[in-house]
Each structure stands twice: as C-alpha cells, then as structure tokens.
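Working notes, structure below.
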Amino acid sequence: MHLQTSESSGPAGSTQQQQKPKQPNSTALPFGQNVELSSLSGPTYLTAQTLVQQVAYALSDKLFSFSPESFDLDIAARAWSDAKQKNVYGEVTGVQGLETRSGAGTLALGYMFSPDFDLSKRHVPQSIVASAGSLLHLRPALDQLSLLYDVANPTVLQVAAVDYAAETQAGLVTDYTAALTLAEELGLGLVASKSAYEIQHMSLLSTLLSSIIPTIHTYDGITVGRETTRVVDVLGLPGLKRTYDSVLSAVKDDIASKRFTNEGKLSKLLLAFNAELGTEYRAFEYHGHDSPDHVLVVFGTVEASLSAQVAEALAQQGAKVGVINVRVYRPFVEEDFLSALPPTVQQITVLGQVNDKPSALDSNVTSSLYADVVAAVNFQSMTSGKTPSVFEVKYARETVWTVSKIQGLLQQLGAKSGESDAQLPGLSLTAKDTKQYTFWDVSSSKSANAPLMLGQLLSDDSSLNVAVRSGHDNLVQGGALRTDLRASSKSIEAAYSVKDADVVVIGTEKLLKDFAVLSSVKDEGVVILKSSGWKDEDVEKTLTTPVRKTIAAKKLALWVLDVSASPLVEESDELESYLLQLAFLKLSKPEVYEAGLKKLNAGGDALDALAKDLEIALKQIEIPESWLTAELEENESLPVSDDLNINSFAPYEAADDEPPSYLRNWEVAARGLVFKEAYGTSTALRPELSTKTAIVHVKEHRRLTPESYDRNIFHIEFDLGDSGVKYEIGEALGIHAENDKAHVEEFIKWYGLEPEEIVEVPSREDPSILENRTVYQSLVQNIDIFGRPPKRFYEALSEFASEDKEKTELLMLGTGGNQEAQLEFKRRAEVDTITYADVLLEFPSAHPSFHDIVRIVSPMKRREYSIASSQKVTPNSVSLLIVTVNWVDPKGRDRFGQATRYLDALPVGAPVTVSVKPSVMKLPPKTTQPIIMAGLGTGLAPFRAFVQERAWQRDQGMPIGDVFLYMGARHQREEYLYGEEWEAYQDAGVITLLGRAFSRDQPQKIYIQDRMRQTIDDIRRAYLREDGAFYLCGPTWPVPDVTAVLEEAVETEGRAEGKKKDGPKEIERLKDELRYVLEVY
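Note that full-length UniProt numbering has the sequence shown beginning at 1, numbered continuously upward.
As structure tokens, then:
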C-alpha cells in the first residue's frame, strides 16, 4: 500500500529518508497534479478545466488568457507551452497571459490583423480562455471582431462561468448572465456544457462553430469545472485533429453557402459532429416524463445536470414534469426548441439567471433566456395555434442549486391546484453502491492534502470511478477547506455537495462551531475527529451539547485521532497527513488497509511504523445515553450553515507582517487629506466602510412595557428624510452606536491622554481600512474600550507590564496556563463582566501607549436589529423593537449593553448612523402562500413588518394566504408587545390565527410550542398542504421544541396519506426551499 505523492507513492523509504507530502498545485488540475499533454487520451482522471485547455491548446495558433491569479484557468496550457509540447499542427501554441482591464482583447485583435500575420494560418482558430468576470472588459474587442469576422481567424472563447461578487455572502458566484447578454447583443455563438463527461466535446463543438461565428463555450467554474473525475472516452491529440478536420470537411460547402442562415449551418454542423463521434447531441435536449404537463427550461452546467437527473427520477415516480436543457443558446434554432417540446406540455417555466437578488425580485427584469422561449412559443402559436403558457423563475448568480431545491421547484410545477408539492420524499441521485466521504479542515493543517491523496490512491482501482472536489472559505477560521470524495462502480455525475456521507473527517473541533458539519453525515455513519492531546474526561468540554446530542440522535460512531499520541508525527509533523489517511482507510476501506499492511516490510517502511502508532492514536468514543437527553442552554444550538461559502480557489496565505502603526500626528493626517491619491485616502460618511451608511433621525421613542416593570422594551422609529435608505421585508438595520461620552471623558482624564490629538485608527467594520480621528472621537466611535476583552487582550497586555506579579497574572489569564486561571477568566467574562477599561485600571503597571491600545483593543462593531416595519406602509420611516440590556455586577456596578443603552438615551430628533443588512427572513414568493410566524419577545419585530406587508397586499387587491402568529412572553399585562395592533389585524381578517403564550400567567408554564401543538391541524393544512412558510425569530432555546412540533405535523400528515415520512429530513428539505427559516440569537 502506497499513499500518493507526486510520484504516486507515499513514504516508501525508511523513516530517515522521508518524502514530504506534496501540496497540491491547484484544484484546477486532476488531484492537484500537473499532467502531460500526451497523456490525455482514453480513460483518464481529469478536471473539466484541464480538458478545456487541452482543446484550446491543441487546435489553436495562439491562446490568450484572462485568468485571475487563483483561478488557474490556463495553468495546464502554460505548463505545456513552457515544456514546448506541440499542438495538432506540430507547433508550440503561444500562451499569452493578459490582465483583465479596460482594453482587454485588443492584443488578440492586433495579432490577427497585424501586417506581419502569417496568412497561411488564417484558418487556424485563435482561443481566449477567460472567466465570466472578464467578458465586460472584452466586449469592445469582441464587438470589433464580429464586424470584421469575414476576414478574421475562427475565434472561440472558453469561459468559466465564475466571477467575484464582493457584495454577496458567497464571494464567488456562477455567472452565465454575462455570456448570455454578450451572445445576444453581439450575435456570438454560445454553447454550454452539462458535465465533465461532455466538456471536451463541447469545447470542440464551439471551436467548430467558430468557423461560422465568434463563439463562447461556457461551463461551471466553481465546482464541476474543478472536480477531478474519471472520463472514459477522452480524445487525444490525433483524435481531436481527425474529428475537427472531418467535421469541417463535411460541412465546408454548407458553411460557405449563402442559402443557409447561421441556424441552418448549426444544424448541419451538429449532424456532422454526431455522425463523426457517434453521439446524439442536440441544441435542446429533453429529459423527464414521456407526456409532461409542465416543462422547465434551463441553461448552465449545474442547472442542466441536476434538473435532468431530478426530472428523470420524478418521472419514474409518475410526476408529469420534464426539463429542456439549452445546450446551444446562440444561434437559437426555434424549430429545434419546439421539436424538443413534448406535445402534451401545457406550461413552460424558464429558470432564468439574473445578476443579483434585487433583479430576481424585480418584476420589470426578465432573463435573456425567457425572452427567447416566449418568442419561440409565440412563433409556434402562429403556425399551429397551440400556445402553452410561459412563466419565469428568476434566480441570482449567487444561488447554489441543490437536489432538494431543484426537486422542490419541479414538484411545485407539477403539483395540481390545491395539491401539496411536499408529497414525495427527498431524492438520492447517486448509485446504490456509491460511497461518499466528506473532509473538513483548515487550510493551515498538515493534513489538508489528505483527501486528494486518498482520491488518487482509490483511483488506482480500475473497477472504481472516483470523484474529488474541494472548496475554500477563507473568511472562517483563517481559511476553512471542505473536500467531498465519492467512489462508485458507475460514472459519477454529482454537481452538488455530499449530504449523506458514510464517513466525515473533521480536522479540528473548531470547525464544529462555525458549520453544522454533522448534517453532512448519514445516520449511523462514522465521524473521525482529529485532535491533539485528547483527554476522555474533557469530551463534554470539547464537544458542545448540540454536537453531542446530534451524535447520539443520529447514532454516529465517533472516533478520535490523537495525532500527539504518535511518536513519529511528534518527530515529523509532515507525517500527520499519512496518519490521517491510514485512520480513514482502516475505518472506511478496511480491505484496502489490511491488504496494504500485508505488503509492508516490517520496519522498512514508515507506513508500518505509522500503522503501529495508529493503534494508540485512534480510539472510539463511547456514546452515553445521557447525550441524547441532554438539555440545551438558552443560547446553544448547532451552527446554521451546513456548507461553506466557496470564496477562493486557493488556501488563505497568512501574512507574517506586523500590523501597521495606527498612531499618526496631525501632519501625517493632513498630508493624507491633501494628497489623497498618493496616500490612498478616501472621504466618506462616518464610519467609512464597505457597507453603505446613512444618517437618519429619531422620530418616535415609545416604551412598551410599564415603567415599574424590570424589562425596558421600547419601540423606536427613525425618520428617513432624504437619506435614500431603502429596505426590504425581513432585513435588519445596523446601528452604529457610540460609547457613553461621560465615560470616555473619564477614561481620557484617568489615562492621561490628549483628547484633541489626531490619530489613525481602524474602521469599526473593516479593520483593514484606516481613518483619521481625534483621540476623543476614536474612543467614542471606533474603539470598543468598554467592551469585554478576550484572552488574547490579557496576553498582549502582559507585554507592557513592568511589575512581574502583574505580568505573570496577565499572561496566565491570557494563555489559560492552569485550571485556576481558566476559571478566573470565565468568572471575569461571565460574572464580573470586566471591560477593557477595567483591566487597564486593575493593572496600572501595564500602561500601553494609545497606539498600542488601538492595536490590542477590538474596534466597535455595528449592532443589527430586525426591522419592524414595511416600507410600503411607512415609506419615510423605519422602526425597531428593542429591549435594553442592563445588569448589576457582583461589585454593585450598573452595567449596560452598549448599543441598547445608546438607543434608549436618544431624544427625538437625534441623528443616528445606520446601514441595512440583508436577511433570509423573506416572505414567500406567492401572496397566497400561508405564513406561520413564531416570535419571542423582541423576536416579534420582523413579523410586525410581515403583517404590515400582507395587509398592504390585501389593500392592493391581491389575494393573501393565512397568517398565523404565535407569540411568547412572560406576562401579558407587561409584555403584550404590539398587542393592540395584533388584535386589530385579527379583527380585520389579516391575522387568521393568534397563538399567545404567556409562560408565567398561570400555574403551569405555557410556551409557543404548546400553542402550536394545540393548533397542529391548522399547521398541517397551511404549512404542508398549502405550501406555507414557517419562521422563528428570537432566542435559540425553543428551536428543538418548535421544530419537534413541525416534524410531528409532517409525520402525522404522512400517516393520514398512508405514507411514512421522516420528519427531520422533510424539515431539512423545507429549509432548502426557504420554507423553514430561523433567525435566532
């Protein structure tokens, strides 16, 4: 058994002559390794991007590349060119890397039309490799090219449909809109690939089509394009040349003919292409029921792959739905589209991508694809009189399609009026023998490359098909990494993340705090947790209650790999990756592990020694029954996200530089303001940050609870004036609060600071952005001097202590040097609620300069509150529902929540800096869909906006669905927040069910889950039969109980229908459909 390195073998020598595990070059390459051009033929493990580059390199004279640094769209082609590997013409293809900027593409034009150009090469294609983000900059050159195309070389653009979108949560988005728009407006050809198995053919087809018109070939550039998978029928260079020449020869007369339109030439080209390869590609391809009533039209790699598989699966269950995949968007052959459309179709829905979420919600915006489908259907009605209705479902570029989302969409299309679309269980599209594994790790881990090496190892088995895909989220844990590995006897086409892994490997327990990692492992699956210095007695400290409860509920087998227990790894941490691979093989592939160990020479191979270490390092953890019944604290729950946001294709590279000096005198500040370009200074509304801020003014401040009551809950409304602030239902308002001015003045005086001195401090929202302020301003608006310090502050402050006793105490608190110090820090943070200022006062010998205070004290953050109004009802104002946070510490000092205290002290007319933050709390797309809301305390805020919006919709003549509101509080007399409004809406027929749970107004406590259970029949009808949406807002503690009621409703409804339904899985499906939405804190 040899674990893979660059030479395909692992540490095959002795322990004294170890090879280090090779870090992967790029996820754009198969298993992260370079490939020879000559090796690409027959059954081969490849990425789609490698195949795209192969076709572009093999058939082109020049290859012009517009690839952002980490995208690596040309990484293989550059290596081939540097190695002088020849194309099909016996020459080395020139690969020219260019920047994406204004004027991009002019070099390619200049090359083709230069006086020195070799006219004997005029028939040879020129290729451009680019991302979708480059197309806007290439447009002027492509516009010129299309006008001069009769005398130009055939030109094809191989475009990865990926772009950076900083305004989105995802960071990287799949962008087809740029290619669709460009093809439509400039008359370019546009071809899309559905999977890695056909991407070579589509790259070749688009190159052939470029003999007629300039052509774009686009494909998914985030996941499918970078997944390593086995492609059986790869054409080598001779096969590419033969196919290219044969097809062109077959259609040369048709291409030259004036009788044919471009649409006609495309049809001839496709016929010749299929005849040469023995394929059945069509411009429009149908999948699904033989006699569908409803058809979904899609464009794009993941969209086409997923929808085709889901439609076929649903058709086998009797659903009369189908999918048309638009393979060739331009030229758009209407006759071919209509012939692909089954004659029974009554409704066509176009799944159309638009630029962003506001466009998806804007009824005035339509997708490019929708306009073409409508035109084709209208053309059909003119000739045959048959007119299926055409609708559109729009989605933003940041949308990530999953099996459950596509299934929900198709089921909704296929559901008859009044019939629920939640009838069918979740689909599993993988073959029954498919094994699925998920690896979670941080980029800096020594074992980060383990899954790629394991994939390469498993690929040695010719009876298996292996697929490996990785993604980086560099905004979490200094860079998080997820890798999915699948193995099957059949070909694997899975354009989605693993949801039911047989084994999940977790590189560090820290990731359990940021991601719902355990949601990606199937029931009774295996969890391998890598740790260091593991102690069984600390298991309940290491694993949170929600994690332990999930492990017990799903009956997972939990194994811990303690890498510190391996003497070899302690000696050489590079072996950590191999130890993890051995642990994985032992638990998931025991036959591979055992067979490999038999081949090892005892003592002669490091793997033999590592295998012995594994016996000590790997241990199974017993799962006590108490884990299943453990009660969650009020603020405990699993993380919301069950997958990472892929925002990079490369691991995060931590900078070793010291932080910049933030303290500046007035002269430096003045130079920065006068010479803005040289110093990179910007002028913006305080605080200047990437989030758009505005100034609004307090319009109303009204306490909702009695003055004598111990909780101050108040309604505050802001006049928007001419601020230009726009907000949508469910969004949050960010309040940029300030520290108490009297406390700031007291601190300045005690610490001996000069309040008017000019300083340079990090922005409160983006620490990488610096702004010039006075010391007084920075302490009021930027520096969280009255916030709670983390451990790292104590450790950093110890460096400034001149007294040994104070230095030792600070260091112990900062590092958790012993159990006593850990308990003391916890007491300070949770009981005494010590602030930064308190610590500075307590340790007088640690007196850092203001420059260092800025460096070691965190910047202030905006505080976000759910908006409690609809702008359609109150166009010039925005409302919030706030509870003040205050307490008395053990020393008798009054303590306050900074933001709520700030808001409560604001008089009418006071200015406030605000910003708007998007949220998942959105009303369902149809006004007739019921909404079921559950809110505790100030969690009622977004539901006031929801109810206002539904009332407005009804006033506009729109039909509205049922509105259920379940509200929870301690006492009705004191905390019946907005009670008169709710009752008025109920009397008006807007709210159809008002479930009030006041827990302490009777001997037995009553909570919202009790009110929900009392009306479970109404929930079954509105939520499950009428496609309702459920929302919960407030603290986390009721989530399990409320969810249990919904799961009970699902299972009861299933029994009533004579079906067995899995409540938790159904809720997961509804969650993916945005019909189960939580906003908890």
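No residue lacks a Cβ here, since even glycine has one placed at the ideal position from N, Cα and C.
Spell out the partners DSSP gives residue i in its beta bridges.
i	result
K530	L561
Y1076	F1030
T913	I695
L481	D441, H472
Q347	H294, S389
H701	I716
N325	E285, V298
Q96	F64
A396	V354
Check whether the Cβ atoms of residue i and residue j sit closer than 7 Å, and answer yes or no.
i	j	result
F299	A192	yes
L361	V323	no
L977	L575	no
R226	N465	no
P924	A1029	yes
Q85	L37	yes
G1034	G937	yes
D719	S915	no
T508	V563	no
I621	V521	no
residue 1091	A516	Beyond the ends of the chain as shown, which are 1 and 1081, falls residue 1091; an answer cannot be given.
A141	V159	no
K435	A494	no
R1020	A1044	no
L454	Q581	yes
V857	I748	no
P342	P388	no
Indicate the three-state DSSP secondary structure (helix, strand or coil) for residue i in the structure shown.
i	result
G10	Residue placement at G10 is poorly supported in this model, since its pLDDT is 33, which falls under 50; the coordinates still yield a value, given next. Note: G10 maps to coil in three-state DSSP.
T629	helix
Q353	strand
G897	coil
Y286	strand
A315	helix
L881	strand
V569	helix
N886	strand
S102	coil
M967	strand
N274	helix
A83	coil
L464	coil
K490	coil
E524	strand
F998	strand
G1063	helix
P789	coil
M112	helix
D253	helix
Just to confirm my understanding: we take residue i, look at its own chain, exclude 5 residues before and 5 after, and list those with CB closer than 8 Å. What are they?
i	result
A553	L628
G408	D421, R1069, D1072, E1073
S708	none
Keeping to the same chain, check which residues put their C-beta closer than 6 Å to that of residue i; ignore five residues upstream and five downstream.
i	result
L209	G189, T215
W666	Any answer about W666 is weak, because its pLDDT of 49 lies below 50 and its placement is not dependable; what the coordinates show is given next. The residues are I758.
P43	V232
residue 1082	Nothing in the structure corresponds to residue 1082, since the chain is present only between 1 and 1081.
T438	D484, V498, A501, V504, S520
By Cβ distance below 7 Å, which residues in the same chain neighbour residue i in space, the five residues on each side in sequence not counted?
i	result
W982	L965, I991, L994
L427	V310, A313, V403, Q407
L248	L208, S211
Inset, instruction - Report the residue ranges of all alpha helix (DSSP H) runs contained in full by the segment 35-69; include only those spanning at least 4 residues, in chain order. - result: Runs of the alpha helix (DSSP H) inside the segment 35-69: 48-59.
Legend entry - Minimum length 4: unbroken alpha helix (DSSP H) runs contained in the segment 144-226: Within the segment 144-226, the alpha helix (DSSP H) runs of at least 4 residues that lie entirely inside it are, in chain order, 177-186, 199-209.
Inset, instruction - Identify every run of the beta strand (DSSP E) within the segment 793-872, keeping only runs that are complete inside it and at least 3 residues long; order them along the chain. - result: Listed in chain order, the beta strand (DSSP E) elements of length 3 or more contained wholly in the segment 793-872 are 863-866.
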